[in-house]
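Using this note's numbering, read the sequence shown as starting at 2 and increasing by one per residue.
Ideal Cβ positions, reconstructed from N, Cα and C, are used throughout, including at glycine.
The structure presented is a predicted model; accordingly, all values stated were derived computationally and were not measured.
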Amino acid sequence: MQQSSLVVVANHLPIGGNLAPDGTSRWRRSPGGLSSALHPLLWHTPATWIGWAGRPGAAPALADVGEVRLCPVPMTDEEMHDHYEGFANSTLWPLYHDAVEQPVHHRRWWDAYLRVNRRFAEAAAEVAEADATVWVQDYHLQLVPRLLRELRPDVRIGFFLHVPFPPPELFTQLPRRAELLRGMLGADLVGFQLAQAAHNFAQLATTLLGLEATDRQVRVDDRIVRIGAFPISIDVAEMSGLAERPDVLARAAQLRADLGNPRQVIVAVDRMDYTKGIEQRLKAYRELLEDGELRVGETVLVQVAVPGREGILRYRRLRERVEREVARINGEFGRVGDMAVHYLTQPFDRPELAALYRVADVLAVTPLRDGMNLVAKEFVAARGDRAGALLLSEFAGAAAELPQAYLVNPHDLDGLKRTLLQALRAEPADAAARMAAMRERLHHHDIRAWARAYLSALDSRHGPELLARVTEE
Ligand code: GDG
2 MQQSSLVVVA NHLPIGGNLA PDGTSRWRRS PGGLSSALHP LLWHTPATWI GWAGRPGAAP
62 ALADVGEVRL CPVPMTDEEM HDHYEGFANS TLWPLYHDAV EQPVHHRRWW DAYLRVNRRF
122 AEAAAEVAEA DATVWVQDYH LQLVPRLLRE LRPDVRIGFF LHVPFPPPEL FTQLPRRAEL
182 LRGMLGADLV GFQLAQAAHN FAQLATTLLG LEATDRQVRV DDRIVRIGAF PISIDVAEMS
242 GLAERPDVLA RAAQLRADLG NPRQVIVAVD RMDYTKGIEQ RLKAYRELLE DGELRVGETV
302 LVQVAVPGRE GILRYRRLRE RVEREVARIN GEFGRVGDMA VHYLTQPFDR PELAALYRVA
362 DVLAVTPLRD GMNLVAKEFV AARGDRAGAL LLSEFAGAAA ELPQAYLVNP HDLDGLKRTL
422 LQALRAEPAD AAARMAAMRE RLHHHDIRAW ARAYLSALDS RHGPELLARV TEE
């Protein structure tokens, strides 16, 4: 295997499900924040991406995608259940999201998590050239930094957590809490979305491991591990450019016509996940129809909910509940030719997504907890016309940067209904002022600014060269 000076390690490779017989693969912007965020950065960058190809069994042979070499890591069926669906997505995911669903603990899941993390670390050790920079992503791989450091003390290791890092009261529930912390502390830089997360981490390093820590750094033996907040963003230029394209605007007009030219369109775009507050949003919408505050024909809700993680019972159950509720709303309030909710589960391509953002009078983002939420930022980037209102949960990381949104607590159903109505009834001048302020923020904090901030803090030995490569327009 050829070696690289930049190695990205993430649970999944950014490829579509269908591999051609010759092993060629298409780079896919799958519905999901991590690949959406890293795609514009790495697309034209010589780098190696280490990850799982998405199905159990031997690793397929994959051709390069653009300048990126894909290095697949195999996972057995059992590891997919115990590492990916188990420890990562049934223990850590719910716990890190405020335990909005009860985290599940099984001892054998840990063994698989450790084994898979070791395999990823070994793959990184093999493909990283001397003094390379290795950038490890997210909660599936928290042990990789330490395991990699043992194998390759020469490389520079960055770790970035895309999801929230919970307060000590929750984190300390984890039976393997100390190992998880030590795993992350193998990095030179541990990055979070929000300052509060870095604070939680520092506190835990002190109380659980007895280390000397501030919100900016932790001392581990003779090393200093830097920690900090690096709120992730999107490719603003790409989304705003897309949303101005004549074909996209024409498609937006067509979508509105297909929806029956309602006075107002509410749009929501999520992965089907219990953290995203889809049920709370549907309930608020149904009650507003019941109360007579909204009327079918005048207002319509378009809910895109792309299913995933369907091997996990909770995700299948969630989908069933959401589909029952959509059917109930349409049954009770819809008319022939006039649906109350348009519900779509197939993934959209980027132009279609941009058109949908342009159709939205209100984009509703109501997670119970979310590390950042890129959909909110994409909507703002798409609204060069400064129209449209963003309804945004206080519990999304994005709320810290977009305080001009209509902020809501999605647990407060009456508050959610009230604020949704406010957003729908916003004065155009007020909505435009809010949108302009949010666009200003994004203009200065796009995905390249994020990569620049992170990589300069990582102080990689490749310094400027790496930065230029990764953040080239
Ligand atoms: C995790 C954290 C954090 C959605 N539907 C389709 C589609 N999408 C794209 C969106 C967006 C991405 O998926 C979703 O990103 P989010 O940030 O909203 O949410 P998570 O997947 O939970 O991401 C999150 C993120 O990581 C980055 O750090 O913000 O907090 O949970 O880009 O546009 N993409 C396509 N078709 C769809 O139908 N192609």
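Say the cut is 8 Å; is the CB of residue i nearer than that to a heavy atom of the ligand GDG?
i      : result
ASN12  : no
PHE349 : yes
GLU180 : no
GLU379 : yes
ARG224 : no
SER37  : yes
VAL101 : no
MET76  : no
ASN90  : no
HIS141 : no
GLN197 : no
GLY398 : yes
HIS1   : Not covered by the structure: residue 1. The range shown for the chain is 2 to 474.
LEU290 : no
GLY33  : yes
LEU319 : no
MET373 : yes
ARG272 : yes
LEU354 : yes
GLN304 : no
VAL307 : yes
VAL360 : no
Which residues share a DSSP beta bridge with residue i?
i      : result
PHE160 : VAL137, VAL191
ASP475 : Nothing about residue 475 can be read from this structure; the chain reaches only from 2 to 474.
LEU302 : ILE267, VAL342
ALA390 : VAL363
PRO73  : GLY52
GLY1   : What is shown of the chain runs 2 to 474, which leaves residue 1 out entirely.
VAL66  : VAL69
GLN347 : Per DSSP, none; premise fails for GLN347.
ILE228 : VAL191
LEU408 : LEU393
VAL219 : ALA214, VAL226
VAL237 : The partner list for VAL237 (beta bridge, DSSP) is empty, contrary to what the question assumes.
VAL297 : THR300
VAL307 : ARG272
Answer with yes or no whether the minimum CB distance from residue i to chain B is below 9 Å.
i      : result
ALA424 : Of the protein chains in the structure, only one exists, and it is not chain B.
What residue range is occupied by the uninterrupted alpha helix (DSSP H) comprising residue i?
i      : result
ASP112 : 108–128
THR49  : Counting along the chain, THR49 falls outside any alpha helix (DSSP H), though it belongs to the beta strand (DSSP E) covering 48–53.
ARG315 : 314–334
GLY416 : 414–425
TYR455 : 448–459
TYR286 : 279–291
SER91  : From DSSP, SER91 is part of no alpha helix (DSSP H); its letter is neither H nor E.
LEU42  : 34–43
ALA100 : Element bounds for ALA100: n/a, residue is neither H nor E.
Which residue marks the beginning of the beta strand (DSSP E) containing residue i, and which one marks its end?
i      : result
THR207 : Element bounds for THR207: not the beta strand (DSSP E) but the alpha helix (DSSP H), 196–210.
ALA11  : 5–13
ARG246 : From DSSP, ARG246 is part of no beta strand (DSSP E); its letter is neither H nor E.
Let me know if residue i comes out buried or exposed under the rule of 16 or more other beta-carbons within 10 Å of its beta-carbon.
i      : result
THR46  : buried
ALA188 : buried
ASN374 : buried
GLU480 : Residue 480 lies beyond the stretch modelled for the chain, which goes from 2 to 474, so this question has no answer here.
HIS2   : The sequence given here has Met at residue 2, not His. When all chains shown are included, MET2 counts as exposed.
ARG325 : exposed
GLY563 : Nothing can be reported for residue 563: it is not among the residues displayed for the chain, which extend from 2 to 474.
GLY211 : exposed
THR367 : buried
ALA386 : According to the sequence provided, residue 386 is Asp. The question's Ala does not apply to it. That one is exposed.
LEU205 : buried
ILE225 : exposed
GLU151 : exposed
SER457 : exposed
ARG426 : exposed
HIS107 : exposed
Tell me whether the stretch 265–275 and the stretch 307–322 touch, counting them as touching only if at least three CB pairs, one residue from each stretch, are closer than 8 Å. Yes, the stretch 265–275 touches the stretch 307–322.
Whether or not the stretch 2–15 and the stretch 37–50 are in contact is what I'm after, with contact meaning three or more pairs of Cβ atoms, one per stretch, closer than 8 Å; do they touch? Contact holds: three or more Cβ-Cβ distances are below 8 Å.
Could you say if the stretch 154–163 and the stretch 109–120 meet the contact criterion of at least three C-beta pairs nearer than 8 Å? No, they do not touch.
Taking one C-beta from the stretch 464–472 and one from the stretch 444–456 each time, how about it: are there three or more such pairs within less than 8 Å? Taking 8 Å as the limit for Cβ pairs, the verdict is that the stretch 444–456 does touch the stretch 464–472.
Is it true that the stretch 388–403 meets the stretch 122–139, where meeting means three or more beta-carbon pairs spaced less than 8 Å apart? By the criterion of at least three beta-carbon pairs nearer than 8 Å, the stretch 388–403 is not in contact with the stretch 122–139.
Evaluate the contact criterion for the stretch 347–362 versus the stretch 242–255: three or more CB pairs, one atom per stretch, below 8 Å. Verdict: yes, contact present.
Quick check: the stretch 69–79 against the stretch 298–312, are at least 3 beta-carbon pairs closer than 8 Å? Counting C-beta pairs closer than 8 Å gives fewer than three between the stretch 298–312 and the stretch 69–79, which falls short of the contact rule.
Taking one C-beta from the stretch 172–181 and one from the stretch 131–138 each time, how about it: are there three or more such pairs within less than 8 Å? The answer is no - the stretch 131–138 does not touch the stretch 172–181, with fewer than three Cβ pairs under 8 Å.
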